[in-house]
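>
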Amino acid sequence: MDFYFIDKISSRAGAIEKGRLSQLCILDKQEIGRIYRGKVQSFAKNLDACFVDIGLKFNGLLKIKDCIGTVAVGDNVIVEVKRSAQGTKGPLLSMKYSLSGRNLVYLPFESGVFVSKNCSVKFRKKMNDTGQQFAQKIKQGGIIMRAGSERTTLELLELEMNNLLKLYEALHRERNFLPSPKLLYIPEDKISQLLQNKNYPIVTNDELWAKRLKAQDFNVKYDENFRDIYHSNIRVELEKLESKQINLPGGGEMIIDHVEALTAIDINTAGAKGDSFSDVAHRVNLEAIEEITQQIFLRDIGGIIIIDFLRESKRGREEIFLKIKECFRRDTRETEIYGYTKSGLFEIVRQKG
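Residues in the sequence shown are numbered consecutively from 35, following the working numbering.
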């Protein structure tokens, strides 16, 4: 059975589809994407930046290149958190904030229409035309058409665009209000992003979430004894996330290694058997693709991803490339599938969280 779960004890939420954990999110207090009214405190000429008080433990760093116009000490500024605080370093800020909806992203300080590379080629021109229509109606700014836009009606897209414009206008008016600093905007929470299918039941041990979601007409079961690790399907997948080595159904295996610059994934035949190496290699490679995309999504892997598949024929490589593109269609992040390099490695670059 397909269902969602929310576990307040482990601070995890996710989706089970076709008996497997298909989505997972950690319910932390993420600062990235929040928008504040802050006050400029001082300048650091050696950093070509200024420090802004947004009400957190450490002042945020606002680089001059990320400012709109000129700023001076004592000015109020509207800023978005681009990177969370790390240790004794405050968050990285930008006045060039963006506003994200489920299907669109409004870029008040950019121009042009950008279509997600995860949109199918079939719909890309249609989405670009729709974006151009919106761009002609708005006074300023650019638009990103997200992958979900191709499955959404024009009426809903227009409603979402209007809501984003109203949000921008409200934020723009906030600059000279008091008090400062003040939190002005929290992006859509992770659970709301997760719950895309109202046909799926939800089980949770969080009474507040149960009440909130029931009010939104979700099919919610409140169970104070629920724990995600008690569910065998979830437990098996969570154990995989802690392991570098993952066994594949047909006897092959994959090894995941993280280094500072990239994530490397190595595919081995291990105990897989068959009539010939080429047959075994192709079968193991195809099996690995499902697991690779699963692990990338669940582990929230971003940046450069290098996959060392078993040796394939030209036709086999083409099949692998197409299957990976298909598996990444459901990815909500911007992802470039570069394919095989000259050295025979498969390269993917995925937007970091």
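Using N, Cα and C, we set each Cβ at its ideal position, and we do this for glycine too.
If L275 and G337 are in contact, beta carbons under 8 angstroms, what's the gap, nearest whole angstrom?
Rounded, the Cβ-Cβ distance is 18 angstroms, inconsistent with contact.
> Tell me whether I268 sits in a helix, a strand or coil according to DSSP, three-state version.
helix
> Pick out whichever of R269, I69, Q250 and F331 has its Cα sitting closest to the Cα of P221.
I69
> Determine whether the beta carbon atoms of E287 and A304 lie at a separation below 8 angstroms.
yes
> For V147, which of M179, H292 and K116 has the nearest alpha-carbon?
M179
> Please state whether DSSP places S180 in a helix, a strand or coil.
In the sequence under discussion, the amino acid at residue 180 is Arg, which differs from the Ser named in the question. If DSSP states are grouped into helix, strand and coil, R180 belongs with coil.
> Specify the secondary structure class of A47 as computed by DSSP and reduced to three states.
strand
> How big is the Cα-Cα spacing for I263 and R269?
Note on geometry: alpha-carbon atoms of I263 and R269 lie some 5 angstroms from one another.
> Considering only the beta carbon of each residue, do I323 and I354 sit closer than 8 angstroms?
yes
> By a C-beta neighbour count over all protein chains shown, 10 Å radius and 16 as the cutoff for buried, is T238 buried or exposed?
buried
> Please determine if the segment 76–85 and the segment 114–121 are in contact, where contact requires at least 3 C-beta pairs separated by less than 8 angstroms.
no
> Does V111 pass the burial test, meaning 16 or more other C-beta atoms within 10 Å, or should it be called exposed?
buried
> Can at least three beta-carbon pairs, one atom from the segment 52–59 and one from the segment 197–206, be found at a separation below 8 angstroms?
no
> Taking C-beta to C-beta, are A106 and K224 nearer than 8 angstroms?
no
> Roughly how many angstroms lie between the CA atoms of Y256 and L96, to the nearest whole one?
44 angstroms
> Y234 and F39 look like a contact to me (Cβ under 8 angstroms); what is the Cβ gap, rounded to whole Å?
The C-beta distance from Y234 to F39 rounds to 10 angstroms, too long to fall under 8 angstroms, and the pair is not in contact.
> In this structure, how does DSSP classify Q328 when only helix, strand and coil are distinguished?
In the structure shown, Q328 sits in a helix (DSSP, three-state: H, G or I).
> What does the alpha-carbon distance come out to for the pair I280 and K357?
If I take the Cα positions, the gap works out to 20 angstroms.
> Where E271 and I341 are concerned, what is the direct C-alpha to C-alpha distance, given to the nearest angstrom?
21 angstroms
> Cβ atoms of G67 and G94: under 8 angstroms apart, would you say?
No, they are not a contact pair.
> Determine the extent of the beta strand (DSSP E) in which V237 is found, giving its start and end residues.
In this chain, the beta strand (DSSP E) harbouring V237 covers I236 to T238.
> Where do the ends of the alpha helix (DSSP H) carrying V155 lie?
Its alpha helix (DSSP H) spans residues V155 to K171.
> With DSSP as the reference, label Q75 as helix, strand or coil.
strand
> Report the rounded CA-to-CA distance for S44 versus V293, giving the unit in angstroms.
27 angstroms
> Do L205 and L218 have their C-beta atoms closer together than 8 angstroms?
yes
> Output yes or no for whether 8 angstroms exceeds the beta carbon distance between R363 and D41.
no
> Quick one: which unbroken beta strand (DSSP E) runs of 3-plus residues sit fully inside the segment 198–240? Chain order, please.
216–219 and 236–238
> Give the secondary structure of N281 by DSSP, where H, G and I count as helix, E and B as strand, and everything else as coil.
strand
> Are M195 and F168 closer than 8 angstroms when you measure CB to CB?
yes
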